[in-house]
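*Asks:*
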Amino acid sequence: MADLSCNIAGIETPNPFWLASAPPTNTGDQVMRAFDAGWGGAVWKTLGEPIVNVWSRYGAVDINGTKMMGLNNIELITDRPLDVNFKEIREVKDRYPDHTVIVSLMVESDPDAWHDIVQRAEDAGADGLELNFGCPHGMSERGMGSAVGQVPEYTRQITEWVQEAATVPVLVKLTPNISDIRYAARAAKEGGADGVSLINTINSIIGLDIDSLEPQPAVNGKSSHGGYCGPAVKPIALNMVSQIANDPDTVGLPISGIGGVSTWRDAVEFIALGSSTVQVCTAVMHYGFRIVEDLKDGLSNYLDEKDMTLEELRGYSLPKIHNWKELDLNFAVNAQINQEKCIGCGLCYTACEDGAHQAIHAERRDDGRTYVEVKPDACVGCNLCSLVCPVDGCIEMVEIPNDFDPCSWEDYTENDGVLAPRPEHQ
Amino acid sequence: MSDSSTNQVSANFSDYKPALDNNAALAESNRCLNCYDAPCIRACPTAIDIPGFIKKIASGNLRGSARVILESNILGASCARVCPTEELCEGACVMHDLDEKPIDIGRLQRHATDPVVFNGEDRPLFEAGSSNGRRVALVGAGPASLGCAAELVQLGYEAVCFEKADEPGGLNSFGIADYKMSYETAIKEIEWVQQLGVEIRCGQEVGQDITVEQLYEDFDAVFIGVGLGGVGPIGIDGEEIDGVRDSLEFIAELKTKPKQEVALRGKKVAVIGGGNTAIDAVTQSARLGADRVYLVYRRGPEAMGAYEHEQELARKDGGIFIYNTQPVEVLGEDGQVTGLRCVRTETRHGSLEYIDGSDHVLDVDYVLRATGQSKLTSLLEQFEGLAIEDWGTVIADEDGRTSLENVWAGGDCVSGGQEVVNAVAEGKRAAQSIHENLQGER
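Protein chains in written order, with the numbering used here: chain A, 2 to 427; chain B, 5 to 446.
1. If I follow the unbroken beta strand (DSSP E) through A:His362, where does it start and stop?
2. Leaving aside the five residues before and after B:Gly343 along the sequence, list all residues of the same chain whose C-beta is less than 7 Å from its C-beta, in chain order.
3. Can you find a CB in chain A that lies within less than 9 Å of the CB of B:Asp41?
4. Look up B:Lys272 in the DSSP assignment and say whether it is helix, strand or coil.
5. Less than 8 Å between the CB atoms is what I'm expecting for B:Gly339 and B:Ile245, so what's the real figure, rounded?
6. For the alpha helix (DSSP H) containing A:Cys353, list its first residue and its last residue.
7. Could you compute how far the alpha carbon of A:Pro216 sits from the alpha carbon of B:Leu232?
8. State the DSSP-derived secondary structure class of B:Asp41, mapped to helix, strand or coil.
9. What residues in its chain sit with their C-beta under 6 Å from that of B:Leu24, if we drop five residues either side in the sequence?
10. Three or more C-beta pairs under 8 Å: does that hold for the stretch 167–179 of chain A against the stretch 124–141 of chain A?
11. Using 9 Å as the threshold, is the C-beta distance between A:Val44 and A:Glu131 below it?
12. Is the stretch 60–79 of chain B touching the stretch 94–111 of chain B, taking contact as three or more C-beta pairs under 8 Å?
13. Please state if the CB of B:Phe223 and the CB of B:Ala435 are separated by a distance shorter than 9 Å.
14. Measuring only the C-alpha atoms, how far is A:Tyr1 from B:Asp41?
15. With DSSP run on the structure shown, which of helix, strand or coil describes B:Cys165?
16. Could you tell me whether the Cβ atoms of B:Gly507 and B:Gly279 are closer together than 9 Å?
17. For A:Leu490, I'd like the list of residues in its chain whose CB is within less than 7 Å of its CB, leaving aside the five on either flank, ordered along the chain.
18. Where B:Ile283 and B:Asp250 are concerned, what is the direct C-alpha to C-alpha distance, given to the nearest angstrom?
19. Are there three or more Cβ pairs, one per stretch, closer than 8 Å when the stretch 249–263 of chain A is compared with the stretch 271–281 of chain A?
20. Under the assumption that A:Trp19 contacts A:Thr101 (Cβ atoms under 8 Å), give the Cβ distance between them as a whole number of angstroms.
21. Would you mind sorting B:His439 into buried or exposed? The rule is 16 or more other CB atoms within 10 Å of its CB.
22. Excluding the 5 residues flanking B:Glu131 on each side, which residues of the same chain have their C-beta closer than 8 Å to its C-beta?
23. Measure the alpha-carbon distance for A:Ser213 versus A:Gly66 and round it to whole angstroms.
24. Which term fits A:Leu460, buried or exposed, when burial requires 16 or more other beta carbons within 10 angstroms of its beta carbon?
25. Within 8 Å, do at least three Cβ pairs link the stretch 14–21 of chain B to the stretch 384–400 of chain A?
26. Along chain A, which residues have their Cβ under 7 Å away from the Cβ of B:Ala163?
27. According to DSSP, which residues form a beta bridge with A:Asn73?
28. Tell me the rounded alpha-carbon separation between A:Ala23 and A:Gly150.
29. From A:Leu296 to A:Cys346, what distance separates their C-alpha atoms?
30. Can you name the residues that DSSP bridges to A:Tyr372?
31. Does DSSP put A:His100 in a helix, in a strand, or in coil?
32. Run through DSSP, which three-state label would B:Ser6 get?
33. Strictly under 9 Å for the Cβ-Cβ distance: is B:Ser33 near chain A by that measure?
34. Would you list, in sequence order, the uninterrupted alpha helix (DSSP H) runs of no fewer than 4 residues that lie entirely inside the stretch 355–382 of chain B?
35. Residues of the stretch 51–68 of chain B with a CB closer than 7 Å to any CB of chain A: list them in chain order, please.
36. Helix, strand or coil: how does DSSP classify A:Trp45 here?
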């Protein structure tokens, strides 16, 4: 079994799987049960001046019958008294000294308020602090959450205030509701952040009940924009994580990756793009704490199979993320259909004919089956057919070798690069 | 009979293909690949756009889904239940090639059509076309005539079905295994078809209550959709004894009477025949509580006409298949069946021969004939000049046109016995042909 213990911003943790600051970390009882199940750490549900919640709080996107591909919430930070929370944090740390407890914080933009709550969190035994500059709903109307995260100057300022008081590592949780995440990360770093956590939820209206035409989650017939998360947001999160990891101004800044992590495979992607730990919420809200068993088991098996350490995996794929203008225009692939495996559904034909480049020929054979084949002179290797094909390994994209040197757009436009011939448009 | 055994018998007749709930229908509809040139459509005699209606279920457009189905097949709710989907649409599903279960098309079709057909409609999905003043008479009110009539009324015709029975529907009402579709369900569907404007006159036998000449006189065209007759005697001694029955009559009775009145607890039954009706008789006898049910077939399993999945069903119900065996005499005591004397057969040089000394008696209380339905020759003969095959079926082309001008035919009286879905398809095609023909006369 691979060693899954790791370090983020100086915080030692038994494994990279943390519960994100959210309903699953609302109470000491939950966090302790999560640690019993095997979670390496937990980011406590955000603490601040206690608020009052609405009753109806979550809404979901189901896709093709699969439940909760996306989840949104209009729940605010903790609605339990601060002293109760701190007492429970103390208890958790006493009982689970080796597990990581990060305390998420959000108070008004006042240095004293921040100094005070940082002190209390540390007194309770926090291994680290996470500054919630991300929540896009409710709290933002009161000048907190994403209202801070959206303005780099505020992010830097408050991080500085926190660092005046903090002795444990401080992670700044970033909102994706900005135009370029790198500015927020740079500001956090300038303010003294020891690391960043991202992404917080994406501002959203989850949908309407089209019978009543009421937005969801409906509160007495009305709703508000809320924070979107779950498997659907993962690609957005992966991009933002890689942007920060590759940004010369923030390179090396520890990252706790968040956004749709449901399986160990998702975790591999976040880690390979530079995350030190990953945080999970929606998958736990769907299936419970028990999912950590396979998260750890799957990641461990993967690392063993790859003969890699967790440290070696971290950031492995970052050098492979480039600007488009640097990609090789002479690297050619074509779809190849394995006729032995083809079941004749014709989905590749429909997709290519209507949605791509009219590069698949289809005909009905005498036995009534649909026969498809790729027109090599028309295929641009876009992948669409292989993406829609329901049969595992039936359509593969194979490299079509040529004698041309690699040539990027940059090479082509600036360095006299030579383009290989391409399919002619009909 | 105790309550529990009564309940058990009723439970035995619960739906073979039960309704899907919304979530199950959503999941199943999303499993459909939505094939290009989908093989399921080609396997459907009524050519329903199956991926089309399934994807409408997936999108939550149930009304649109029902429209797609019922436009092609007005008895889509019946066919969802009674079609041998394993042999038709589901049998053609490409999922088989993935070693996965085919899409549950029958149950999805039921999911889409039931709300429209059985729950009452605020806004009717279909309505009669504006009247063109033409009238068509339909002989019989089974699936062929209903398929034809429903199409005709939408085209603006007045369509009147003359049905000799007291209730409409023919075999669809009275001859479907009860665990596939109940009598009440079939009748309710027909009521929905009637709301569309199809008129059905029950207890009206052509030749008795109204003459063929009268039909010619009162109507612009006639459609013959009379189906077939009962299963007649097979010509062995003792068939008159109480307990020897036509299996269709048996099925009609169990469908229309309370199950406890027709229960067969402790009884032993022999069903003679090798087709799908024989299977229906076996399964239903077993489900009515019979102790032992034999299926006696004179040839080997390879020659049986019944669908493989139907045979499997009968075996699961405990049916005992006796192949290569020919009944030769029904035995009785005090006017009641006590046994069926049989001989073993073998096929020599292509012909069936008895094996000497192979006489044996099956100890049974009932003998059900399922050896093929008779043709309604005397009825058909009243249509003077109507061309009929030597074996008694009406000769008609693909559009149902017979040898007589302005007379069309479809369903079992033409095919000799097929599925409900075939009859509906033939009726609909005939309606279109009638329309083309009568329009041309204008």
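In this text, a Cβ means the ideal position worked out from N, Cα and C, and glycines have one as well. All figures in this text were calculated on a predicted structure; none of them were measured in a lab.
*Replies:* In this structure, then:
1. Along the first sequence, one-based indexing puts residue 362 of chain A at 361. That run of the beta strand (DSSP E) goes 361–365.
2. Here residue 343 of chain B refers to the residue found at position 339 of the second sequence. Only Leu335, Val365, Leu366, Asp367, Val368 meet the Cβ criterion.
3. Within the second sequence, numbered from 1, the residue matching residue 41 of chain B stands at position 37. With 9 Å as the cut-off, B:Asp41 counts as an interface residue toward chain A.
4. As a position in the second sequence, residue 272 of chain B is number 268, starting the count at 1. Note: B:Lys272 maps to strand in three-state DSSP.
5. To locate residue 339 of chain B, count along the second sequence from 1; it is residue 335. To locate residue 245 of chain B, count along the second sequence from 1; it is residue 241. Their Cβ separation, rounded to whole angstroms, is 6 Å, which keeps B:Gly339 and B:Ile245 in contact under 8 Å.
6. Stepping through the first sequence from its first residue, residue 353 of chain A is reached at position 352. Taken as a continuous stretch (DSSP letters only), the alpha helix (DSSP H) holding A:Cys353 covers 348–356.
7. Residue numbering aside, residue 216 of chain A sits at position 215 when the first sequence is read from its first letter. Residue numbering aside, residue 232 of chain B sits at position 228 when the second sequence is read from its first letter. Each residue's Cα considered, the two are about 58 Å apart.
8. In the second sequence, residue 41 of chain B corresponds to position 37, counting from 1. B:Asp41: coil per DSSP, three-state reduction.
9. The residue given as residue 24 of chain B occupies position 20 in the second sequence. Arg111, His115.
10. yes
11. Position 43 of the first sequence, counted from the start, is the residue given in the question as residue 44 of chain A. Position 130 of the first sequence, counted from the start, is the residue given in the question as residue 131 of chain A. Yes, they are a contact pair.
12. no
13. Taking the first residue of the second sequence as 1, we reach residue 435 of chain B at position 431. Taking the first residue of the second sequence as 1, we reach residue 223 of chain B at position 219. Result no, Cβ atoms of B:Ala435 and B:Phe223 do not sit closer than 9 Å.
14. The structure shown does not extend to residue 1 of chain A, since chain A is modelled only from 2 to 427, so the question has no answer here.
15. Residue mapping note: residue 165 of chain B aligns to position 161 of the second sequence, counting from 1. In this structure, B:Cys165 counts as strand in the three-state DSSP scheme.
16. Because chain B is modelled from 5 through 446, residue 507 of chain B falls outside the range shown and cannot be assessed.
17. Residue 490 of chain A falls outside the range modelled here, since chain A spans only 2 to 427, and no answer is possible.
18. In the second sequence, counting from the first residue as 1, residue 283 of chain B sits at position 279. In the second sequence, counting from the first residue as 1, residue 250 of chain B sits at position 246. Approximately 14 Å, taken between the alpha carbons.
19. yes
20. Within the first sequence, numbered from 1, the residue matching residue 19 of chain A stands at position 18. Within the first sequence, numbered from 1, the residue matching residue 101 of chain A stands at position 100. Indeed they touch by this definition, with Cβ atoms about 7 Å apart.
21. Stepping through the second sequence from its first residue, residue 439 of chain B is reached at position 435. Counting Cβ neighbours within 10 Å, B:His439 comes out buried, since at least 16 surround it.
22. Start at 1 with the first residue of the second sequence, and residue 131 of chain B comes out as number 127. Result list for B:Glu131: Gln158, Leu200, Gly201, in chain order.
23. As a first step, residue 213 of chain A is located in the first sequence; it is residue number 212 there, counting from the start. As a first step, residue 66 of chain A is located in the first sequence; it is residue number 65 there, counting from the start. The alpha-carbon atoms of A:Ser213 and A:Gly66 are separated by roughly 21 Å.
24. The shown model of chain A, from 2 to 427, leaves out residue 460 of chain A, and the question about it has no answer.
25. no
26. Here residue 163 of chain B corresponds to residue number 159 of the second sequence, with the count starting at 1. What B:Ala163 touches in chain A: nothing, since even the nearest Cβ is about 35 Å away.
27. Locating residue 73 of chain A in the first sequence gives position 72, counting from the first residue. Its beta-bridge partners are A:Gly60, A:Tyr229.
28. Walking along the first sequence from the start, residue 23 of chain A turns up at place 22. Walking along the first sequence from the start, residue 150 of chain A turns up at place 149. Straight-line Cα distance between these residues: approximately 18 Å.
29. Along the first sequence, one-based indexing puts residue 296 of chain A at 295. Along the first sequence, one-based indexing puts residue 346 of chain A at 345. Those two C-alpha atoms are separated by around 35 Å.
30. In the first sequence, the residue the question calls residue 372 of chain A occupies position 371. For A:Tyr372, which the question treats as bridged, DSSP gives the partners A:Glu364.
31. Looking up residue 100 of chain A in the first sequence gives position 99. It is coil, neither helix nor strand.
32. Here residue 6 of chain B refers to the residue found at position 2 when the second sequence is read from its first residue. The predicted model places B:Ser6 with a pLDDT of 49, which falls under 50 and marks its position as unreliable, so this point remains unresolved.
33. Translated into the one-based positions of the second sequence, residue 33 of chain B becomes position 29. Chain A contact via Cβ: present.
34. none
35. Ala62
36. Walking along the first sequence from the start, residue 45 of chain A turns up at place 44. Strand.
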